[in-house]
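Residue numbers (this note's numbering), protein chains in the order written: chain A, 2 to 194; chain B, 3 to 240.
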């Protein structure tokens, strides 16, 4: 069986080749990147923005940003998938912050984590996804809620405090403890330095 | 603002990494992280946790035609391709502007916009790319001009992604107020975003396309914006 470390090594090698082709302005590379990561990028956009049209707009923007500025992705610093997902999340959150009406509710944000992962190719990171989801589930319910609201919901710590009816100091602590615990759990599974 | 202690700021490092610090505190926390080894180390650890968080997302099949729509935006027109292949992008932009002559752009607002772009906007290659869109719209006369009292002016320039608005001569909005940009169709305003100015100028990306709208206007509204304008426009295209 191929373990997650080796899947990661193979993927990173492919990422480097893709980054080189993008720098050389090879249009087939962006097509390939979309084939590989279109699903997760759209998934991230949809996770933050319920509206499929807005999600598509953000997903398109993320790939266009990579095409226009391929140097922004540094294979030495992480996977192309993580980079694209970061870009996508930032763009989606910017949109949510501009338009109060498209904010997702707490319930819809937190419920999705409960559903089991179904699926796909090692490229789309099945092993890693399962590990992160397990790690998220291993947080306390209040830590998970705060982290999910901030990360996928685009809430500031003050909004987290308001929404959960807790003091601001408690919201800060939950975010901090949540991320600290998450990292500890990911270190244990060997996914994070 | 009162001095914040290291512990107070440290308690905000995780929120900062998550992008969950309100804009008025961001600078404070960022400056502290940059000058405090302990907080920088903590920020790095939180960042690695946050990177893994992204991987929890479930993939969803992209809508039909998605890749084609992206590719259509990537393939540049033949003329631009030849030009950009000939020189580096930065030089190409300079040559391009010079060769067409800025005089073609005409109008004070256009010059103001070019000044704003030059001063604050052209920082990355991505920005340069957008700047090309903006400049070409400006010079081809596709930009929408907004004017106001006392020389305040703005240009709204359609781009592939929506539009970019550059404004100058707008003083800071009064306390707890912001500027709000509206598109108008059949006299009905549609909010497309709020903004603030610095030193009287702003460049804002608008995700909503101007297609199908007739006019644009800017009003002063309470922070967070209003559903409908509550004051007379300070800038308008009509």
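Ideal Cβ positions, reconstructed from N, Cα and C, are used throughout, including at glycine.
Please read these numbers as outputs of a predicted model, since none were measured by experiment.
Cβ of residue i within 9 Å of any chain A Cβ
i	result
residue 209 of chain B	yes
residue 196 of chain B	yes
residue 32 of chain B	no
residue 73 of chain B	yes
residue 90 of chain B	Unreliable positioning characterises residue 90 of chain B in this predicted model, as indicated by a pLDDT of 39, which lies under 50. A coordinate reading is not provided.
residue 24 of chain B	yes
residue 35 of chain B	no
residue 50 of chain B	yes
residue 146 of chain B	no
residue 6 of chain B	no
residue 47 of chain B	yes
residue 158 of chain B	no
residue 228 of chain B	no
Proximity test, Cβ basis, 9 Å: residue i and chain B
i	result
residue 179 of chain A	yes
residue 106 of chain A	no
residue 24 of chain A	no
residue 97 of chain A	no
residue 15 of chain A	no
residue 167 of chain A	no
residue 18 of chain A	no
residue 136 of chain A	yes
residue 40 of chain A	yes
residue 83 of chain A	yes
residue 27 of chain A	no
residue 110 of chain A	no
residue 141 of chain A	no
residue 174 of chain A	yes
residue 103 of chain A	no
residue 45 of chain A	yes
residue 11 of chain A	no
Closest Cα partner of residue i within the set the options
i	options	result
residue 185 of chain B	B:153, B:219, B:198 and B:201	B:219
residue 176 of chain A	B:144, B:6 and B:23	B:23
residue 162 of chain A	A:25, A:59, A:107 and A:132	A:107
residue 64 of chain B	A:169, A:100 and A:56	A:56
residue 134 of chain A	B:5, B:54 and B:232	B:54
residue 96 of chain A	A:73, A:83 and A:154	A:154
residue 69 of chain A	A:101, A:25 and A:87	A:25
residue 61 of chain B	A:127, A:16, A:66 and A:73	A:127
residue 195 of chain B	B:222, B:149, B:155 and B:146	B:222
residue 56 of chain B	A:46, A:190 and A:27	A:46
residue 181 of chain B	B:216, B:38, B:238 and B:72	B:238
residue 164 of chain A	A:189, A:129 and A:110	A:110
residue 156 of chain B	B:145, B:169 and B:42	B:169
residue 29 of chain B	B:40, B:6 and B:192	B:6
residue 77 of chain B	B:46, B:147, B:162 and B:154	B:162
residue 63 of chain A	B:67, B:72, B:47 and B:59	B:72
residue 42 of chain A	B:58, B:36, B:178 and B:37	B:58
residue 66 of chain A	B:75, B:66 and B:12	B:75
residue 148 of chain B	B:217, B:206, B:193 and B:164	B:217
residue 165 of chain B	B:43, B:52 and B:207	B:207
Simplified DSSP state of residue i, which is helix, strand or coil
i	result
residue 195 of chain B	strand
residue 171 of chain B	coil
residue 47 of chain B	helix
residue 183 of chain A	helix
residue 145 of chain B	coil
residue 160 of chain B	strand
residue 209 of chain B	coil
residue 221 of chain B	strand
residue 18 of chain B	helix
residue 74 of chain A	coil
residue 26 of chain B	helix
residue 138 of chain A	helix
residue 170 of chain A	helix
residue 18 of chain A	helix
residue 2 of chain B	Here chain B has residues from 3 to 240 only, and residue 2 of chain B is not among them.
residue 150 of chain B	strand
residue 230 of chain B	coil
residue 175 of chain A	helix
Anticipated Cβ contact below 8 Å, residue i with residue j, distance rounded
i	j	result
residue 179 of chain A	residue 150 of chain A	Residue 179 of chain A to residue 150 of chain A, Cβ: 10 Å. No contact.
residue 172 of chain A	residue 147 of chain A	6 Å
residue 93 of chain A	residue 23 of chain A	Contact doesn't hold; Cβ gap of about 22 Å is too wide.
residue 154 of chain B	residue 236 of chain B	6 Å
residue 172 of chain B	residue 199 of chain B	5 Å
residue 13 of chain A	residue 76 of chain A	6 Å
residue 224 of chain B	residue 178 of chain B	7 Å
CB contact check: residue i to chain C, cutoff 9 Å
i	result
residue 163 of chain B	Given the protein chain composition of this structure (A and B), no chain C is represented.
key: Contact set between the stretch 11-22 of chain B and chain A, restricted to residues whose Cβ is under 8 Å from the partner   = Along the stretch 11-22 of chain B, going in chain order, the ones with a CB nearer than 8 Å to a CB of chain A are 13, 14, 15, 16, 17, 19, 20, 21 and 22.
Contact residues within the stretch 58-69 of chain B, judged by C-beta distance below 9 Å to chain A = From the stretch 58-69 of chain B, only 58, 59, 60, 61, 62, 63, 64, 65, 68 and 69 have a Cβ closer than 9 Å to chain A.
task = Closer than 8 Å, Cβ to Cβ, to anything on chain B: give me those residues from the stretch 143-159 of chain A, in chain order.
result = So the close ones are 148, 151, 152, 155, 156, 157, 158 and 159.
ask   = If contact means a Cβ-Cβ distance below 8 Å, which residues of the stretch 50-67 of chain A contact chain B?
value = Of all residues in the stretch 50-67 of chain A, 53, 57, 58, 60, 61, 62, 64, 65 and 66 have a Cβ within less than 8 Å of some Cβ in chain B.
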